[in-house]
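2 protein chains.
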Amino acid sequence: MRYSKLFGRTRHNPPCDADSVNAKLLTQAGFVEKLAAGIYNFLPLGQRVLTKVCNIIREEMNAVEGQEILMPSLHPVDIWETTGRRKTMDEILYKTRASGDKEFVFGPSHEEVVTPLVAKYIQSYKDLPLSVYQIQTKFRDEPRAKSGLLRGREFGMKDMYSFHTDEADLDKYYEVVKDAYLKVFERCGLTAYVIEASGGAFSDKFSHEFSVETPAGEDTIILCEKCGTAQNLEIAEGCSACVCGKDCGNKCCDEKELPMEEVKIERGFSVAENAKAHNVPDAKILKTVVYEVEDGGLIGIVIRGDLNVSDVKLERYLKRRLRPATPEALKKVGLVQGYISPVNIPEEIGISFVADNSIKGVKNFVTGANKFGLDYKNVNVGTDFIVKEFADLVEVKTGFKCPKCHTALSEIKAVEGGNIFKLGTKFANAFGMNFADNDGKLKPVVMGCYGIGTTRLVGTIVEAKHDEKGIIWPKSVAPYLVHLISLGNDKDVLNDAEDLYKKLNKEGIEVLFDDREATAGVKLNDADLIGIPLRIVISKRTLESKSVEWKERTNAESEIVPLASLVKKIKEFQK
Amino acid sequence: MRYSKLFGRTRHNPPCDADSVNAKLLTQAGFVEKLAAGIYNFLPLGQRVLTKVCNIIREEMNAVEGQEILMPSLHPVDIWETTGRRKTMDEILYKTRASGDKEFVFGPSHEEVVTPLVAKYIQSYKDLPLSVYQIQTKFRDEPRAKSGLLRGREFGMKDMYSFHTDEADLDKYYEVVKDAYLKVFERCGLTAYVIEASGGAFSDKFSHEFSVETPAGEDTIILCEKCGTAQNLEIAEGCSACVCGKDCGNKCCDEKELPMEEVKIERGFSVAENAKAHNVPDAKILKTVVYEVEDGGLIGIVIRGDLNVSDVKLERYLKRRLRPATPEALKKVGLVQGYISPVNIPEEIGISFVADNSIKGVKNFVTGANKFGLDYKNVNVGTDFIVKEFADLVEVKTGFKCPKCHTALSEIKAVEGGNIFKLGTKFANAFGMNFADNDGKLKPVVMGCYGIGTTRLVGTIVEAKHDEKGIIWPKSVAPYLVHLISLGNDKDVLNDAEDLYKKLNKEGIEVLFDDREATAGVKLNDADLIGIPLRIVISKRTLESKSVEWKERTNAESEIVPLASLVKKIKEFQK
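Quick mapping for you: the protein sequence lines, in order, are chains A and B. Under the working numbering, the first residue of the first sequence is numbered 92, with each subsequent residue one higher. Under the working numbering, the first residue of the second sequence is numbered 92, with each subsequent residue one higher.
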């Protein structure tokens, strides 16, 4: 392709409304163009990348026996009423009234279509397992479409659905698809981690996310670099450091329980201020965080002062939705903010307590006495207050140890690149999709579903692969392999560049040829911005030695390569 | 692919609501499955055909320098208001109110998106010409979705848009795309004719349709098999036979004008009854067809009795919309139905007349005298009545001669497979898409657009290529090249079939392997229904001679082919 003919050139400046690296670079480099919030045009360069991404996904889904189909976007509303999602997903559904006043939903997902469709063809266990997928457009009325291609209102998606006789067969296939997904990300040049999906009170733990490492990702992943365990921060498990913070093996807690005392004290409300006033480490403060429970009542979480409660872990543990208690709610029942603790709390207040495991074994805590200016010191669990329930409610952070191999954990930033779900029989039950098992009994089909956003993946690659100059496409998904540039107006240079362009095309090498009359600066900057893996420059200087300048986008250095061996070297590079 | 694993099997009976050959066969054979009227799922076999069709289109569009892009389906309503089509296309637009109460339109076409998109990148004449296309889903709220994949509410389409400095450049490219389209149809195994698009009063003649010959098509095409001229019946031109019907070269009209006479007669109202009563050929009856004009008034079309008026030609000629006059409208002004003619009509009736060219040169017509039971005979134009306007208003039919080469014309049935339009500067004006020409002046960009329905094309192929047993896929778009069948339960047969299946796969030959335990009847009937080009049967009988049965779907006969030479023969067949 000649750059002079290409539709969609680079712009001098990024769009002023770009809210993310991918939106900024992809627009500035001429890959996409925003039509409206969360709705993008793909220009030829972007379309080429998207096609390559889709083909990688297609190959990996075919390799796990996925059969490609294509389902419609226009869904009669009744199928959405059958599953109840017309109501539960109402906010994000685009709806339309068609001729004859029938309501249609524009598909944000396809369980409602694929289940009755597959049901038509499944009679017996012999028809199972089965896995079908499509690469198709999804519509979701995201209230906050943002982050360029990462969260759109209209976006491409590969969604696969699998059908099984039982959970065990689903479990097996689920692992197969997990591996296929990891291959997809790897082939796209990304580092992805499978993590258990977080989710609130009612999450079912049958879902995994693929977290792709990106410097500016909106998710935080807790990673053990030794054993590879990756966890979503919100639900990560880990072993906290001991009270001294020096990893002494809990020797620091080897002290005698002292008798509890009341202490009048002037202090601030924060843990740090509290610890300073009492001259103890933060970890010796017994912190109590109070929540209001969705359906009424208060609950206090007792945790070591240097640690924080994970709201998501807590909601999952309690299986209820919570919110931090308001000052008014505390006051109403007679709790004194800044001095709350489980010690000597009158029963009529009606608050229950759960303790994080971190307080086990720690002696002689300092905590509030539920009166302004009054604290207790030498507070010991079991002696001075009773905890009925202990649980793992702590938010893991850097410094915690891996629960599997006890190596120090680190935090990385990531974006979600895909997710997979064990749907069980939920949709089969809704649509009466049963099969005759080999015992002759009718049973509901067990389903799994597996999604990767295709357009989102293009955006994710840019988030993960760029520098201050522009995009750095992995070879597998680059719009072209070679960015050929001629510098200057010397006739011999122009002719040789033309010849080389034709030769590379003939060899089946994908080339973008910048044949414009433009300065070296413009051409070289554009090449960096567009991010094609290999830049080849022909100039008067290189021609004198019958060679070209070879520069890989991932390398700062360039080298001089003789024209005679160029094709061979490119073909090796391509591998 | 093993048929036993394939999602989407054949059905015993066609769906009861199938309204067309393509819906019936594609559903029965397991290619598609209807979700709602005009909305279809593509199962794996259908998806394979669709992909091949799309790739053929893609190759031909790339060959004419089309650059592939992808535009969204969700369009902010304001761009549709800019062109006025929010109103003029209202009936077929799916609309939705999104969060924030903004209205969006689901794209039935993409001029409103592509024009402002391309405008961003076009500054000067150096940026032109440009041609971009997409293969994407369209949404149209068709009041009468019908004919399976031929007229859907959601359908696949390749739409290309070209941009030029002037009409001449557009004209040149328009012809290039015309040829590319003919190649697409040819590669899909279809016979297509380029015809001027018909259209009513306000059509602009800057549009062509590609009519694909199909036995049950809804359009009638007038074809000259000698010179290849194809015309839409509604606007076809042709030379009518002379009055005697024997092609005497108009000698039959070499008679003397006789003086007009009034004749009292008892006769029926039809031309045939009239001619019989007067003992003249139908062609000697001077027929007058009266229309009411949209904006008031009556017009009478005078034509030879054996010919019919083409409403579309008439509307185009008058540039007004018309409808046949009602008996009440005729009575009101004093016209006597069955006896209307332009002869001696009182001026106060206020009817004007236009004559079809067919009455020129014909002498001594018979016609009505605008009184019940009273006719005139020996009526001659110019002598007994004056016609101010002559025009070509006749509906061409079999027996007419080609206006170019004077060969007898024939009628064929066809469906529209694509269309191309010269849009001129309509959209450029709406969006202010101008370019600086080499004279320094700002001028509007001249546009063309070019559409082929991709899913419709799949349906059209089935309409054109089937017999009473099922579909007959052309090799270029067949889901698989070879349908391999093993007959019986003989272990050697099963093993050899397995081996052959693996061998063909290894050779890169696309095979559907019917490995089911099923009767020969079921397997062979299914093969005919599915319509894969080459059927290979392995049975105990063929194995005895180390051979297979080879049957092409287009041939009634089969032959025995030695296993040893099979692959070579298949590869030749594939070419």
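Note that the Cβ used here is the ideal one computed from N, Cα and C, for glycine as well.
Local Cβ density within 10 Å of residue i, reported as buried at 16 or more and exposed below that
i         : result
Lys582(A) : exposed
Ala363(B) : exposed
Ser432(B) : buried
Ser443(B) : exposed
Thr489(A) : exposed
Ala259(A) : exposed
Asn586(B) : exposed
Arg407(A) : buried
Thr256(A) : buried
Asn104(A) : exposed
Cys107(B) : exposed
Leu314(B) : buried
Asp218(B) : buried
Glu480(A) : exposed
Phe133(A) : buried
Cβ shell of residue i (< 7 Å), same chain only, five flanking positions each side left out
i         : result
Pro494(B) : Glu328, Gly329 and Cys330
Ser215(A) : Phe526 and Ala527
Glu385(B) : Arg411, Arg412 and Leu413
Val652(A) : Ser638, Val639, Trp641 and Lys660
Phe522(B) : Thr173, Thr206, Pro207 and Ala210
Lys492(A) : Gly329, Cys330, Thr498, Ala499 and Leu500
Val275(B) : Ile147, Ile148, Glu151 and Ile543
Own chain residues within Cβ distance below 8 Å of residue i, not counting five before or after
i         : result
Pro350(A) : Asn469
Glu316(B) : Thr498 and Ser501
Cys339(B) : Cys333
Leu117(B) : Val123, Gly137, Gly239, Leu240, Val549, Gly550, Val553 and Ile562
Met162(A) : Gly198, His201, Val204, Val205, Leu208, Gln225 and Gln227
Leu595(B) : Val573, Leu575, Val602, Val658 and Ile661
Gln665(B) : Lys566, Leu572 and Ile600
Val584(A) : Ser577, Leu578, Ile629, Ser630, Lys631 and Leu634
Residue from the options with nearest C-alpha to residue i
i         : options                                       : result
Pro207(B) : Gly239(B), Thr174(B) and Arg231(B)            : Thr174(B)
Ser298(A) : Glu507(A), Leu219(A) and Ala366(A)            : Glu507(A)
Ser449(B) : Val478(B), Ile440(B), Gln428(B) and Ala655(B) : Val478(B)
Pro167(B) : Thr187(B), Gly387(B) and Asn370(B)            : Thr187(B)
Leu634(A) : Gly579(A), Lys593(A) and Ile390(A)            : Gly579(A)
Tyr272(A) : Thr545(A), Ile312(A) and Leu165(A)            : Thr545(A)
Ala609(A) : Ile576(A), Asp619(A), Pro535(A) and Leu620(A) : Ile576(A)
Asp270(B) : Thr179(B), Glu348(B) and Ala154(B)            : Ala154(B)
Val472(B) : Ala611(B), Gly452(B) and Leu484(B)            : Gly452(B)
Glu663(A) : Lys566(A), Val537(A) and Asn646(A)            : Lys566(A)
Gln428(A) : Ala460(A), Asp530(A) and Asn529(A)            : Ala460(A)
Sequence-distant residues of the same chain with beta carbon closer than 6 Å to residue i, five excluded per side
i         : result
Cys540(B) : Tyr252, Phe512 and Leu514
Val371(B) : Val457
Val196(A) : His166, Val168, Trp171, Leu184 and Lys186
Val43(A)  : A question about residue 43(A) goes unanswered here, because the residues of chain A that appear run from 92 up to 666.
*asked:* With a threshold of 8 Å, are at least 3 pairs of Cβ atoms found where one atom belongs to the segment 121-130 of chain A and the other to the segment 638-648 of chain A?
replied: In this structure the segment 121-130 of chain A does not lie against the segment 638-648 of chain A, because fewer than three pairs of beta carbons, one per stretch, are closer than 8 Å.
*asked:* Across the segment 512-522 of chain B and the segment 332-351 of chain B, are there enough close Cβ pairs to call them in contact, namely three or more that are closer than 8 Å?
replied: Three or more beta-carbon pairs separated by less than 8 Å are not found between the segment 512-522 of chain B and the segment 332-351 of chain B, which leaves the two stretches without contact.
_Selection of the segment 144-160 of chain B by Cβ proximity to chain A, strictly under 8 Å_ = Of all residues in the segment 144-160 of chain B, Glu156, Gln158, Glu159 and Ile160 have a Cβ within less than 8 Å of some Cβ in chain A.
*Segment contact, 8 Å Cβ cut-off, at least three pairs: the segment 136-155 of chain B with the segment 585-599 of chain B*: Contact between the segment 136-155 of chain B and the segment 585-599 of chain B is absent, because fewer than three Cβ pairs lie under 8 Å.
*Given 8 Å as the limit, is there contact between the segment 240-253 of chain A and the segment 220-229 of chain A, that is, 3 or more CB pairs closer than that?*
Taking 8 Å as the limit for Cβ pairs, the verdict is that the segment 220-229 of chain A does touch the segment 240-253 of chain A.
*Are at least three pairs of beta-carbons, each pair with one atom in the segment 615-629 of chain B and one in the segment 559-579 of chain B, less than 8 Å apart?*
Cβ pair count under 8 Å is three or more, so yes.
*Determine which residues of the segment 180-194 of chain A have a Cβ less than 7 Å from any Cβ of chain B, and write them out in chain order.*
Sequence-ordered contacts of the segment 180-194 of chain A with chain B read Tyr185, Lys186, Thr187, Ala189 and Ser190 [C-beta pairs closer than 7 Å].
*Given 8 Å as the limit, is there contact between the segment 365-378 of chain A and the segment 390-405 of chain A, that is, 3 or more CB pairs closer than that?*
In short, these stretches touch, since the Cβ pair count reaches three.
*Using Cβ-Cβ distances below 8 Å, what residues of the segment 520-542 of chain B are close to chain A?*
Of all residues in the segment 520-542 of chain B, none has a Cβ within less than 8 Å of some Cβ in chain A.
*Which of the residues in the segment 300-330 of chain A, read from start to end, lie with their CB under 9 Å from any CB of chain B?*
Result list empty, no residue passes.
*What residues in the segment 196-213 of chain A have a beta carbon less than 8 Å from any beta carbon of chain B?*
Answer in chain order: Phe197, Val204, Leu208, Val209, Lys211 and Tyr212.
*What residues in the segment 104-136 of chain A bring their beta carbon closer than 7 Å to a beta carbon of chain B?*
The residues in question are Glu124, Leu126, Ala127, Ile130, Tyr131, Asn132, Phe133, Leu134 and Pro135.
*Got a sec: which bits of the segment 241-272 of chain A sit with their beta carbon under 7 Å from any beta carbon on chain B, in order along the chain?*
Residues of the segment 241-272 of chain A with a C-beta atom less than 7 Å from some C-beta of chain B are Arg244 and Glu245, listed in chain order.
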